[in-house]
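K.L.:
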Amino acid sequence: MSRRFGSLHSAHLTPLSNWAGWALAGALLCVLCGSAIGVLAVVERQRLAIVRAAELSYLPKSEYLKVAVLGYRHLAADLIWLKAVQHFGVKRQTAEGYRWAYHAVDVLTDLDPTFVYAYQMAGTILGVWAKLPQESVAILAKGMGHNPMVWQLPFFLGYDYYYELHDPVAAAGYFRRAAQLPGAPEYLPKLAARMTIEAGDPEAALEFLQRLYQQVQDPRLREGLERRIREVIAERDIRFLEEGIRRYRARYGKLPGSLEALVTGGIIARVPDDPLGGLYQVDPSDGTVTSTGLRERLKVHRH
Amino acid sequence: MIGLNTFRENLRDKILYNLLFFALLLIGVSVLLGMLTIAEQDKIVPDMGLAAINLVGVIIAIFVGVGLVSKEIERRTIYTIMARPISRTQFLLGKYLGLVLTLLVNVAIMSAVFVATLWMDRLPIQASLFQAIQLICVELLLVTALALFFSTFSSATLSAIMTLGFYVIGHVTVDLKGIAEKSESQALKAVTTGLYYLCPNLEVLNIKGAAAAGHMVALSYQALASAYGLLYAALLLTAASLVFQRRDF
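Those protein sequence lines, which keep their order, are chains B and C.
Sequential numbering from 12 applies to the first sequence in the working numbering.
Sequential numbering from 6 applies to the second sequence in the working numbering.
Structure below.
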């Protein structure tokens with residue numbers, strides 16, 4: 012139809028004015044397209060990262076969303092996940108931003124409760140990196156409720172309870188649970204037993220962290236775990252030095268003035284380097300050892 | 006005969022162009038996901054593929070379906086057809102089968118692209134995916150029947166709106182039943198329960214989620230769900246034929 016009308020019109024026009032008309036229309040198209048892109052770029056720049064994170068807060072409650080997306084629940088869950096991943100992916104995300112990302116994962120796992128990867132990813136990032144252990148535990152526990160046969164979920168829950176919430180007893184329960192599930196790594200049952208029988212054993216805690224380190228790929232998770240590993244090594248060194256001080260006292264009947272006294276006194280071969288980049292120091296009044304790099308000693312290893 | 010003509014007409018309308026769109030979408034998405042590191046490709050690609058097959062199919066079923074009869078009336082071609090020795094029911098059925106053929110060819114090609122994408126991404130091609138596609142086909146048969154039914158007594162635009170409306174209702178009737186069970190009022194309970202059984206239940210035919218995760222449904226379920234969809238489509242076609250008998254042009 013339109014083609015016929017078009018040819019009718021052009022029949023009345025001279026070739027030159029026809030050409031000019033095309034050029035004008037083309038120019039107009041270019042101008043409109045260019046300005047639309049320009050305005051979009053300006054608008055994008057106006058939106059701060061926190062606003063972008065807050066857009067996840069506009070996600071409707073899952074019970075309404077479930078109805079609204081008709082039969083396409085899994086697709087909707089995937090799309091929300093792709094959005095949430097970007098918020099998890101921001102290198103220096105705010106705690107608020109992580110909370111909204113958590114909210115998004117909570118909604119999308121209502122739409123698709125079997126989205127194991129979302130639970131795992133959100134759970135580990137929130138626990139290891141974002142320092143939001145409550146949210147991490149909530150999402151992992153929800154995932155475990157819907158997917159009781161996936162060993163990684165109780166495994167990461169165990170991590171949260173052991174290192175972030177300092178509750179080795181609860182952690183023990185989750186490790187045992189993970190160890191019994193199909194596909195769980197062979198080292199897990201033994202390691203879980205060691206970690207839980209001797210809740211304060213830094214060697215077992217160190218081994219666990221190194222195993223976990225091999226499990227994860229995300230560079231931020233690895234960075235978070237590396238920090239934890241150094242903290243546990245520092246804890247092990249401090250115990251070693253305090254044991255040395257006890258033996259020094261037994262032999263010489265007094266506390267050493269400095270850690271070097273342990274070496275000169277023939278108790279230890281050398282003072283270990285602080286993996287956190289600080290220095291080990293001894294308090295000459297009561298013989299406790301501290302590291303200037305370690306902010307606080309891991310609560311779980313304290314007796 | 007009418008069926009084949011309808012099929013040919015659909016081809017002329019460039020319906021199959023959507024396949025290009027579908028293929029590009031699916032391949033594009035899977036390539037894009039391959040570049041993202043934190044994404045679970047083996048879940049998202051099957052989800053996307055099944056959803057796209059379903060959505061593209063439903064859109065064709067509705068928007069071509071509502072035009073099947075009204076177009077003939079608008080172009081006055083219906084007089085020449087009616088002048089021939091075929092009944093109105095035959096005419097309707099022919100139109101229906103023609104669009105169904107178009108849809109099945111469409112779904113078949115989309116499924117082939119889907120399987121090829123899975124294969125390229127080295128993802129498992131599970132039997133459950135074909136179960137889902139089979140039930141999507143039944144859903145399309147039902148939706149086409151709905152569109153045809155409405156188009157026998159109303160304009161194309163109105164039919165499209167009503168079919169779309171019933172498509173939405175078809176996916177939320179389960180929640181309607183939930184409301185019925187919770188409500189105190191007996192009358193409301195009776196009305197919502199009545200509506201639940203009266204309206205087509207398309208959620209019965211939706212196993213995309215389980216299928217994408219690789220979980221098969223029981224064959225008896227598949228058979229029963231298909232039977233439900235086909236029965237409902239037959240009901241709609243019979244009703245459409247009855248309405249069309251009385252229609253004046």
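Virtual Cβ for every residue (Gly too), placed ideally from N, Cα, C.
This one's a predicted model, so the numbers in the text were calculated from it and none came from an experiment.
1. What residue range is occupied by the uninterrupted beta strand (DSSP E) comprising GLN292/B?
2. Within its chain, find whatever has a CB closer than 7 Å to the CB of ALA165/C; leave out the 5 residues flanking it on each side and keep chain order.
3. Could you spell out the range, first to last residue, of the beta strand (DSSP E) harbouring VAL139/B?
4. Can you tell me whether TRP92/B is buried or exposed? The criterion is at least 16 other CB atoms within 10 Å of its CB, across all chains shown.
5. Among the candidates ALA137/C, THR162/C, GLN95/C and LEU163/C, whose CA atom is the shortest distance from the CA of TYR83/B?
6. Would you grab the beta carbon distance between LEU312/C and VAL143/C for me? Rounded to a whole angstrom, and I think it's under 8 Å.
7. Report the rounded CA-to-CA distance for TYR226/C versus LEU140/C, giving the unit in angstroms.
8. For chain B, find out if any of its Cβ atoms is closer than 9 Å to the Cβ of GLU79/C; answer yes or no.
9. If I follow the unbroken alpha helix (DSSP H) through SER302/B, where does it start and stop?
10. Under 9 Å between C-beta atoms, does ARG15/B make it to chain C?
11. My parser needs the alpha helix (DSSP H) runs of 4 or more residues fully inside the segment 62-119 of chain C; what are they?
12. Taking just the CA atoms, how far does GLU254/B sit from TYR263/B?
13. Beta carbon of GLY134/B, beta carbon of LEU168/B: below 9 Å?
14. In this structure, does DSSP put LEU287/B in helix, strand or coil?
15. Taking DSSP as the reference, what is the three-state secondary structure of ALA223/C?
16. Where VAL74/C and ALA192/C are concerned, what is the direct C-alpha to C-alpha distance, given to the nearest angstrom?
17. Who are the neighbours of ASN23/C on chain B, taking C-beta pairs under 9 Å?
18. Are PRO213/B and GLU175/B closer than 9 Å when you measure CB to CB?
19. Let me confirm a value: THR42/C is counted as buried when at least 16 other C-beta atoms fall within 10 Å, else exposed. Which label applies?
20. Entirely within the segment 92-140 of chain B and at least 4 residues each: give me those alpha helix (DSSP H) ranges in chain order.
21. Can the beta-carbon of ARG252/C be found less than 9 Å from the beta-carbon of PHE135/C?
22. Kindly list the residues whose CB is nearer than 7 Å to the CB of PHE12/C, restricted to its own chain and excluding five residues on each side of it in sequence; keep chain order.
23. Nearest by alpha-carbon distance to THR120/B: which of TYR109/B, PHE99/B, LYS77/B and ARG103/B is it?
24. Span of the alpha helix (DSSP H) holding GLN163/B?
25. Run through chain B and tell me which residues come within less than 8 Å of LYS187/C, C-beta to C-beta.
26. For LEU76/B, return the contacting residues in chain C, with the cut-off set at a CB-CB distance below 7 Å.
27. Would you verify that the beta carbon of ASN206/C is, or is not, closer than 9 Å to some beta carbon of chain B?
28. Could you pull the start and end residues of the alpha helix (DSSP H) that TYR75/B belongs to?
29. Taking 9 Å as the threshold (C-beta atoms), are THR197/C and LYS182/C in contact?
30. Counting only beta-carbon separations shorter than 9 Å, does HIS85/B have a partner in chain C?
31. Sort LEU203/C, ILE184/C and LEU169/C by Cα distance to VAL63/C and report the nearest one.
32. Measuring alpha carbon to alpha carbon, tell me which of LEU30/C, GLU189/C and ASN59/C ends up nearest VAL148/C.
33. So GLY82/B contacts chain C; which residues on that side make the cut at Cβ distance below 8 Å?
34. Would you decide whether TYR109/B is buried or exposed? Buried here means 16 or more other CB atoms lie within 10 Å of its CB.
35. Can you check whether the CB of VAL101/B is closer than 9 Å to the CB of VAL127/B?
36. With a threshold of 9 Å between beta-carbons, can PHE186/B be considered close to chain C, or not?
P.N.:
To lay it out plainly:
1. Position 281 of the first sequence holds residue 292/B. GLN292/B -> beta strand (DSSP E) spans 291-293.
2. Mapped onto the second sequence, residue 165/C falls at position 160. Cβ within range, chain order: ILE67, PHE68 and VAL71.
3. By 1-based counting over the first sequence, the position of residue 139/B is 128. Run containing VAL139/B: none; DSSP gives neither H nor E here.
4. Sequence index remark: in the first sequence, residue 92/B carries index 81 (1-based). Counting Cβ neighbours within 10 Å, TRP92/B comes out buried, since at least 16 surround it.
5. Along the first sequence, one-based indexing puts residue 83/B at 72. For the options ALA137/C, THR162/C, GLN95/C and LEU163/C, the alpha carbon positioned closest to that of TYR83/B is the one of ALA137/C.
6. A question about residue 312/C goes unanswered here, because the residues of chain C that appear run from 6 up to 254.
7. Along the second sequence, one-based indexing puts residue 226/C at 221. Along the second sequence, one-based indexing puts residue 140/C at 135. Straight across, the Cα-Cα distance linking TYR226/C with LEU140/C is about 11 Å.
8. In the second sequence, counting from the first residue as 1, residue 79/C sits at position 74. It does not: the Cβ of GLU79/C has no partner Cβ on chain B nearer than 9 Å.
9. If you number the first sequence from 1, residue 302/B lands on position 291. Taken as a continuous stretch (DSSP letters only), SER302/B belongs to no alpha helix (DSSP H), being part of the beta strand (DSSP E) at 300-302.
10. Translated into positions along the first sequence, residue 15/B becomes position 4. Unreliable placement is indicated for ARG15/B, whose pLDDT of 45 sits below 50; the coordinate value is still reported in the next sentence. By this cut-off, ARG15/B is not an interface position.
11. 72-79 and 82-88
12. Stepping through the first sequence from its first residue, residue 263/B is reached at position 252. Stepping through the first sequence from its first residue, residue 254/B is reached at position 243. Computed Cα separation, rounded: 14 Å.
13. Residue numbering aside, residue 134/B sits at position 123 when the first sequence is read from its first letter. Residue numbering aside, residue 168/B sits at position 157 when the first sequence is read from its first letter. For GLY134/B and LEU168/B, yes; Cβs fall inside 9 Å.
14. As a first step, residue 287/B must be located in the first sequence, where it is residue number 276. Secondary structure at LEU287/B: coil, using DSSP grouped into helix, strand and coil.
15. Here residue 223/C refers to the residue found at position 218 of the second sequence. The answer is coil: DSSP assigns ALA223/C none of H, G, I, E or B.
16. Walking along the second sequence from the start, residue 74/C turns up at place 69. Walking along the second sequence from the start, residue 192/C turns up at place 187. Straight-line Cα distance between these residues: approximately 39 Å.
17. Reading the second sequence from its first residue, position 18 is the one you call residue 23/C. Result: empty, since nearest Cβ-Cβ is about 18 Å, beyond 9 Å.
18. For the purposes of this step, residue 213/B is identified with residue 202 of the first sequence, where counting begins at 1. For the purposes of this step, residue 175/B is identified with residue 164 of the first sequence, where counting begins at 1. Not a contact, by the Cβ cut-off of 9 Å.
19. Position 37 of the second sequence holds residue 42/C. Confidence is the limiting factor: at THR42/C the pLDDT is only 49, short of 50, which leaves the residue's position unreliable, though a coordinate-based value still follows. That one is exposed.
20. 106-122 and 127-135
21. In the second sequence, counting from the first residue as 1, residue 252/C sits at position 247. In the second sequence, counting from the first residue as 1, residue 135/C sits at position 130. No, Cβ-Cβ distance for ARG252/C and PHE135/C is not below 9 Å.
22. Against the second sequence, residue 12/C aligns to sequence position 7. These residues qualify, in order along the chain: GLY103, LEU106 and THR107.
23. Position 109 of the first sequence, counting from 1, holds the residue named residue 120/B. Checking every option, the nearest Cα to that of THR120/B belongs to LYS77/B.
24. Walking along the first sequence from the start, residue 163/B turns up at place 152. Per DSSP, GLN163/B belongs to the alpha helix (DSSP H) from 163-170.
25. Here residue 187/C is taken as the residue at index 182 of the second sequence, counted from 1. Those do not exist, as LYS187/C stays about 13 Å from chain B at its closest Cβ, beyond 8 Å.
26. Within the first sequence, residue 76/B is the residue found at index 65, counting from 1. Within chain C, no residue comes near LEU76/B; the closest Cβ sits about 12 Å away, beyond 7 Å.
27. Your numbering for residue 206/C matches position 201 in the second sequence. Answer no: the Cβ-Cβ gap between ASN206/C and chain B never drops below 9 Å.
28. Residue 75/B sits at position 64 when you count from the first residue of the first sequence. 73-79 is the extent of the alpha helix (DSSP H) around TYR75/B.
29. For the purposes of this step, residue 182/C is identified with residue 177 of the second sequence, where counting begins at 1. For the purposes of this step, residue 197/C is identified with residue 192 of the second sequence, where counting begins at 1. Contact flag set, yes.
30. Here residue 85/B corresponds to residue number 74 of the first sequence, with the count starting at 1. Yes, because at least one Cβ of chain C sits closer than 9 Å to the Cβ of HIS85/B.
31. Along the second sequence, read from residue 1 onward, the residue named residue 63/C stands at position 58. Ranking LEU203/C, ILE184/C and LEU169/C by Cα distance to VAL63/C puts LEU169/C first.
32. For the purposes of this step, residue 148/C is taken as residue 143 along the second sequence, with counting starting at 1. It is ASN59/C whose Cα lies nearest to the Cα of VAL148/C.
33. As a position in the first sequence, residue 82/B is number 71, starting the count at 1. Ordered by position in chain C, the residues that pass the 8 Å Cβ test against GLY82/B are ASN59, HIS176, LEU207, GLU208, ASN211 and LYS213.
34. Here residue 109/B refers to the residue found at position 98 when the first sequence is read from its first residue. Classification of TYR109/B: buried, given that the 10 Å Cβ count is 16 or more.
35. The residue given as residue 127/B occupies position 116 in the first sequence. The residue given as residue 101/B occupies position 90 in the first sequence. No; because the gap between Cβ atoms is not below 9 Å, this pair is not in contact.
36. Counting from one through the first sequence, the residue named residue 186/B turns up at place 175. No, because no Cβ of chain C sits closer than 9 Å to the Cβ of PHE186/B.
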